[in-house]
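Since the structure comes first, as structure tokens, the remarks are kept for the end.
Chains as they are written, first to last, in my numbering: chain W, 589 to 870; chain F, 15 to 245.
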């Protein structure tokens with residue numbers, strides 16, 4: 589292993605510009621991916637915030653007896669998807685409307701707003717299908733006039749999230765492929781640059797696995813270094829965005845290490861795909 | 015030890031390089047391989063260290079059979095034989111001793127054993143004083159000695175030399191040839207391809223002449239015939 593490491597270092601030293609260039613290229617392709625992931629992470633965070641506000645509002649028919657309402661609230665509260673059930677009287681509905689629509693507060697003079705039951709759902713049950721299902725169940729209570737749950741934007745939110753995730757995956761795969769090709773190309777150059785050593789190694793009886801080792805280490809190291817550089821660039825970008833535009837959240841520690849690991853894997857994959865093919869030609 | 019049985023070697027572009035070659039080299043033997051350029055000497059040597067495999071026929075070297083041989087088998091075989099070339103094939107950015115040590119390192123030899131073996135190999139070729147010299151600081155003859163030391167460091171049973179004196183002047187040629195004789199005297203077989211017929215004539219070793227891919231003369235046959243006639 590020591591020899592393999594030494595050979596790797598010799599490879600780096602012999603072609604410092606090429607090595608730096610390949611690390612930078614890997615870094616830039618991973619950086620592009622990193623930027624997108626940053627956007628995705630922040631969209632997801634926003635979605636989580638917005639999602640936690642998803643609620644179903646069931647408007648009650650006039651004159652529904654309090655006992656009936658509280659019994660129904662007990663029933664609804666017992667749904668496994670429901671986290672909180674709250675009764676909003678016509679008065680408090682009016683107060684809330686006045687507070688939310690301050691400039692129109694004079695319009696709301698009398699208690700013309702119906703009473704309602706506001707239902708909040710547990711995390712993991714805020715997707716459109718569940719929301720719709722619960723709303724339908726609540727609507728089946730006789731005394732419920734109407735149910736509102738912002739159908740449109742629950743759907744929209746989820747659509748945005750799905751698109752964000754899908755685009756992230758597609759872009760991620762595309763950039764990973766680019767990085768693999770780049771590493772493959774640099775390993776090819778490294779193999780050609782060291783063809784003399786390789787032929788001598790073969791001549792004195794080195795196995796293919798032994799010959800391959802320094803190149804795999806090289807790819808692995810370049811991947812990690814490229815990943816680290818990309819992480820640094822993404823962090824700088826997130827700081828710049830936070831200072832000048834909107835507050836952004838950077839990757840968590842585990843996500844960042846996952847990025848490094850991804851870089852390393854890409855490096856390893858790129859070099860192993862390339863080295864075997866080109867070694868055969870020497 | 016080395017056995018060729020009706021060996022044919024054909025290259026896709028240049029055609030037939032060897033045809034119907036059969037030969038046997040015994041343990042500890044010294045064999046010259048002569049013939050004009052392009053006659054097939056190098057191909058024959060390449061088949062010996064299994065850089066090439068026969069198109070037809072079969073080759074056995076130290077128990078390893080060319081037919082069905084794996085890359086791993088070839089690597090293992092190469093550890094038991096030494097190869098030197100006309101152009102030395104040394105690593106320019108490493109000293110003489112590093113070049114020799116390289117041959118041990120790449121086969122994962124125990125680290126502690128390397129310096130002793132390298133020093134012994136250098137002493138064997140008479141270059142102990144030049145251990146830390148780089149190839150460019152050495153004469154052609156000295157570079158070839160380093161290459162021979164590298165080939166010897168694993169105690170091979172045979173040394174395969176492809177025109178080892180091709181790039182050397184008269185004096186260096188004599189020195190390298192004497193070294194090969196000494197190596198042979200200590201029990202290692204030597205198979206040497208050469209253009210230098212002087213060397214062949216001045217020694218009593220077996221000479222196999224190759225022309226157009228065929229063995230056209232083998233002094234062992236002549237000798238055997240003579241022995242038969244005498245009997």
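Note that the Cβ used here is the ideal one computed from N, Cα and C, for glycine as well. Treat the numbers as computed from the prediction; the structure is a model and nothing was measured.
Taking a 10 Å sphere around the C-beta of residue 592 of chain W, we find 16 or more other C-beta atoms and assign the residue as buried.
Relative to the Cα of residue 628 of chain W, the nearest Cα in the group W/838, W/594, W/640, W/723 belongs to W/838. Secondary structure of residue 239 of chain F (DSSP, three-state): helix. Secondary structure of residue 193 of chain F (DSSP, three-state): helix. For residue 48 of chain F, the beta-bridge partners assigned by DSSP are F/223.
Burial check for residue 625 of chain W: the Cβ neighbour count within 10 Å reaches 16 or more, so the residue is buried. Rounded to whole angstroms, residue 175 of chain F and residue 205 of chain F show a C-alpha spacing of 6 Å. In chain order, 591 make up the part of chain W whose C-beta sits under 7 Å from the C-beta of residue 119 of chain F. Pairing residue 648 of chain W with residue 733 of chain W, the inter-Cα distance amounts to about 5 Å. Close CB contacts of residue 815 of chain W within its chain, under the 7 Å cut and outside five residues either way in sequence, are with 618, 847, 848, 850, 851, 852 (chain order).
In the DSSP assignment, residue 659 of chain W falls within the alpha helix (DSSP H) that extends over 654-665. Against chain F, a Cβ distance below 9 Å from residue 798 of chain W picks out 89, 120, 121, 122.
Look at residue 159 of chain F: its C-beta is not under 7 Å from any C-beta on chain W. For residue 835 of chain W, no alpha helix (DSSP H) run applies, since DSSP gives it neither H nor E. Classified as buried, residue 63 of chain F has 16 or more neighbouring CB atoms from the shown chains inside 10 Å of its CB.
With a 10 Å radius around the Cβ and a threshold of 16 neighbouring Cβ atoms, residue 711 of chain W comes out exposed. In the DSSP assignment, residue 65 of chain F falls outside any beta strand (DSSP E) and carries neither an H nor an E.
For the pair residue 172 of chain F and residue 113 of chain F, the CB atoms are not nearer than the 7 Å cut-off.
Inside the region 590-669 of chain W, DSSP marks whole alpha helix (DSSP H) runs of 4 or more residues at positions 590-602, 604-639, 654-665, from first to last along the chain. At the C-beta level, residue 31 of chain F and residue 227 of chain F come within 7 Å of one another. Secondary structure of residue 100 of chain F (DSSP, three-state): coil. Counting other Cβ atoms within 10 Å of its Cβ, residue 845 of chain W stays below 16 and is therefore classed as exposed.
Here residue 47 of chain F has 55, 207, 222 as same chain residues with Cβ atoms under 6 Å from its own Cβ, once five neighbours each way along the sequence are excluded. In the structure shown, residue 71 of chain F adopts extended strand secondary structure according to DSSP, grouped into three states. Here the alpha carbons of residue 782 of chain W and residue 862 of chain W stand approximately 14 Å from one another.
For the pair residue 729 of chain W and residue 615 of chain W, the Cα-to-Cα distance works out to about 59 Å. In the DSSP annotation of this structure, the continuous segment of the beta strand (DSSP E) that includes residue 232 of chain F starts and ends at 228-232. Just measuring C-alpha positions, the residue of W/768, W/723, W/744 sitting nearest residue 736 of chain W is W/723. Per DSSP, the continuous alpha helix (DSSP H) segment holding residue 682 of chain W begins and ends at 678-688.
For the C-beta of residue 103 of chain F, the chain W residues within less than 9 Å are, from N- to C-terminus, 784, 787, 788, 791. At a cut-off of 7 Å between C-beta atoms, residue 97 of chain F counts as an interface residue with respect to chain W. Cα atoms of residue 731 of chain W and residue 652 of chain W: separation of roughly 6 Å, rounded to the nearest angstrom. Proximity of chain F to residue 795 of chain W at the Cβ level (cut-off 7 Å) is accounted for by 86, 89, in chain order. Listed along chain W, no residue sits closer than 9 Å to residue 188 of chain F by beta-carbon distance, the nearest being about 26 Å off.
Note on residue 198 of chain F: 16 or more other CB atoms within 10 angstroms of its CB, so buried under the neighbour-count rule. Straight-line measurement puts the Cα of residue 754 of chain W at about 35 Å from the Cα of residue 665 of chain W.
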